[in-house]
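J.: Sharing a structure here in structure tokens format.
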Amino acid sequence: MDRTAVNDFVRQQWDSSVLPSLSGLVAIPAVSPTFDAEWEASGHLDAVIEHVRGWIAAREIAGAEIEVVRLPGRSPLLLVDVPATGGACSETALLYGHLDKQPPVGGWSEGLGPWTPVVRDGRLYGRGAVDDGYSGYAAVTAIEALRAHGGEHPRCVLLLETGEESGSPDLPAYLAHLGERLGRIGLVVCLDSGGGDYERLWLTTSLRGLVQLNVTVRVLETGQHSGAASGLVPDSFRIARRLLDRLEDSATGEVLIPELNVRIPENRVAEARSCVAAAPGLVRDSIELPEGMRTVVDDEAELALNNWWRPTLSVIGAEGLPHPSDAGNVLRPYTTLDLSFRIPPTADPDEALRAVRAALEADVPYGASVEFGRSEAGQGFNAPDTAEWLNDALDAASTEVFGNGWRTMGLGGSIPFMGLLHDNYPDAQFVVTGALGPGSNAHVPDESLDLDYAARVTTAVAYVLDAHARR
Ligand SMILES: [Zn+2]
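Position one of the sequence shown corresponds to residue 1 (the UniProt record's numbering), numbered consecutively onward.
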């Protein structure tokens, strides 16, 4: 392949074609099904699928089949199947991204907003720009660049789902449904991640899993005057605190349930140490803290392991508690909490969820009732060792396209599909990468995509696909 021409092609495509279409994608409020119970009626997920389908169809890639796959009651999937160029590569490369988005949330800066695409200082602002709308554009542009400039690629199947931000609940069914059609997957390229700076290509070597559940502690049918009832009836919040103490040491944040803990592999401990030694502040400074606030521990390698490997609990929602301005002196009937655990990459999420439930409902103090609402269990991912051909391709891509060697890191977040794919295709190589970096603000206000970096990631994907076809 003509590497200079591939690089130029990608840049030109990003400016003339990708950016205008991706800006249109930002304007569509396609929040993930979890955040829009009426998603089927509102039609925004169908709209983003159609938007990207239309753009890909207009590329007129020879032999490419584009299909919207729909299973009843499940969020739709866009599937693009591009036949291999000339060579004899018998494996499929699966390229993955998602088109559903996090909710808009408030607090966007002046002149910016979730559904208003704005290009400012080389970044495209708006919800879904970097997480993860650009992914399909990057994958298709990489394929086009190879075809236009003497590159090779294996059969490529691009899979863009619309349920990732809800924990990808529909993907196992789609994977089973597509089954044979996907062929023998030898390479997975996931474009829903990123790295610690914009100076190089980053690979994500592990992702934590996720366990989320909703629990209600009930002590009364209706609220009572707290002067009359307190001292007789225990406060539901106090019981909830005691139940949480079974799950987590509130002094240290250590999660106490064995099913949520694993022994961290030696190579990952070493990776965390070398990663923070090479780039001090990479983990510690990734989150801005208010004056006076300290991190959980001082040692940065431990912070990395805390974030990439160890289980953590975040209480992400509550109910049964009035807004402070409406709060009277009442012994409330119940407290509902939404508990969100990030679990180690190699922990079993279903076992973890079962264990958490069991801990919460055994011997509840004072015989209070414990009820469970919706729950979610998403698998983590621990990457297999990198094959030599891939190692060489990543070396070339990172030094030639970015000017620096590539690096690996873990990620505290979750992409449940990666673990599922790793289970189904244990011999596949994984390139989990993407355009997320400092200031991307995924999931929070002012989400933005670094356009220059996204173009470089696109070119890097072309390098990897070419190397896979020629290996
Ligand atoms: Zn994402």
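C-beta: ideal position from N, C-alpha, C; glycine also.
(1) Starting from the N-terminal end, write out each residue whose C-beta falls within a distance shorter than 6 Å of any non-hydrogen atom of ligand 1.
(2) How many Å lie between Ala318 and Arg268 at the Cα?
(3) Which value, in whole angstroms, describes the spacing of the CA atoms of Asp131 and Ala435?
(4) Any chance the region 65-82 sits against the region 112-131, with 3 or more Cβ pairs inside 8 Å?
(5) Could you compute how far the alpha carbon of Val188 sits from the alpha carbon of Leu95?
(6) Taking 7 Å as the cut-off, is the C-beta of Ser230 nearer than that to any heavy atom in ligand 3?
(7) Applying the 10 Å Cβ sphere with the 16-neighbour rule, what's the burial state of Tyr334?
(8) Using CA atoms only, rank isn't needed, just tell me which of Ala84, Asp36, Thr433, Leu77 is closest to Thr459.
(9) May I have the straight-line CA-CA distance separating Ile185 from Leu303, to the nearest angstrom?
(10) Give the single residue among Ala462, Ala272, Glu144 whose Cα lies nearest to the Cα of Glu400.
(11) For residue 475 and Leu182, which I take to be in contact (beta-carbon distance under 8 Å), what is that distance rounded to the nearest angstrom?
(12) Please report how far the alpha carbon of Thr34 lies from the alpha carbon of Gly150, in whole angstroms.
(13) Comparing alpha-carbon positions, which option in Lys101, Asn214, Gly111 lies nearest Ser166?
(14) Taking the straight line between their C-alpha atoms, what separation do you get for Gly380 and Glu199?
(15) What are the residues that DSSP puts in a beta bridge with Ala62?
(16) Do you know whose CA, among Glu376, Leu146, Ala138, lies nearest Leu159's CA?
(17) Could you give the first and the last residue of the continuous beta strand (DSSP E) run that contains Thr93?
(18) Measure the C-alpha to C-alpha separation of Asn441 and Thr312 and round it to an integer number of angstroms.
(19) Starting from the N-terminal side, write out each stretch of the alpha helix (DSSP H) that is 4 residues or longer and does not extend beyond the UniProt domain "Peptidase M20 dimerisation" (206-364).
(20) Beta-carbon within less than 6 Å of Pro154's beta-carbon, same chain only, minus the 5 sequence neighbours each way: which residues are those?
(21) Which same chain residues end up closer than 7 Å to Ser230 when comparing Cβ atoms and leaving out the 5 residues on each side of it in sequence?
(22) Go ahead and pull the three-state DSSP assignment for Gln102.
(23) Applying the 10 Å Cβ sphere with the 16-neighbour rule, what's the burial state of Tyr366?
(24) Measuring alpha carbon to alpha carbon, tell me which residue in Glu259, Ser286, Met409, His443 is nearest Leu201.
(25) How is Ala377 classed by DSSP in three states: helix, strand or coil?
T.: Let me lay it out:
(1) His98, Asp131, Asp132, Glu164, Asp192
(2) 35 Å
(3) 9 Å
(4) no
(5) 6 Å
(6) The model depicted lacks ligand 3 and carries ligand 1 instead.
(7) buried
(8) Thr433
(9) 35 Å
(10) Ala462
(11) Because the chain is modelled from 1 through 471, residue 475 falls outside the range shown and cannot be assessed.
(12) 44 Å
(13) Lys101
(14) 27 Å
(15) Note: Ala62 sits in no beta bridge, so no partner.
(16) Ala138
(17) A quick correction: the sequence has Ala, not Thr, at residue 93. Taken as a continuous stretch (DSSP letters only), the beta strand (DSSP E) holding Ala93 covers 92-98.
(18) 21 Å
(19) 226-229, 236-247, 266-278, 300-308, 349-361
(20) Ala84, Cys89, Glu91, Ala93, His468, Ala469
(21) Leu331
(22) coil
(23) exposed
(24) Met409
(25) strand
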